[in-house]
Amino acid sequence: MNTIKTKYLKPTDFAGSRISVLVNGSLKIIPYQYQYNTKENHVRAAMKAAQLLGKNPGFEYDIHKAFKKDDFVKSSQVGYSIEF
């Protein structure tokens, strides 16, 4: 089973808004893209993190499919999680 958790990181004096993505225990920080809404940002960050971690394209497809089925669960006020 795969687990992905995302969390919004607010901007600091040194870095803009970001999303931290935990994919099966591996952490990646992805810049926030203001042209997308909140949920789209979390999904895109999860897909980008999977790509950076060298996951196969099927993994990214599973993330996209879960988003379309609305399986991403808002886990807190600042993040989402998914298991597949």
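Numbering (our numbering), first residue to last: 1058 to 1141. C-beta: ideal position from N, C-alpha, C; glycine also. Note that the coordinates shown come from a computational prediction; the quantities given were computed from them, not determined experimentally.
When DSSP reads this structure, Val-1078 sits in a beta bridge with Thr-1063 and Lys-1085.
Relative to Leu-1066, the option among Ala-1107, Ile-1087, Tyr-1093 and Ser-1083 whose CA is nearest is Ile-1087.
For Tyr-1137, the enclosing beta strand (DSSP E) starts and ends at 1136–1140. The closest CA to that of Lys-1064, considering only Met-1058, Ala-1072, Asp-1070 and Ser-1077, is found on Ser-1077. Here DSSP, grouped into helix, strand and coil, assigns Lys-1131 to strand.
In the structure shown, Asn-1098 falls within a helical segment according to DSSP collapsed to helix, strand and coil. Scanning Asn-1081, Asp-1070 and Val-1100 for the CA closest to the CA of Lys-1126 turns up Val-1100. At a Cβ-Cβ threshold of 8 Å, Glu-1117 and Ala-1107 count as neighbours.
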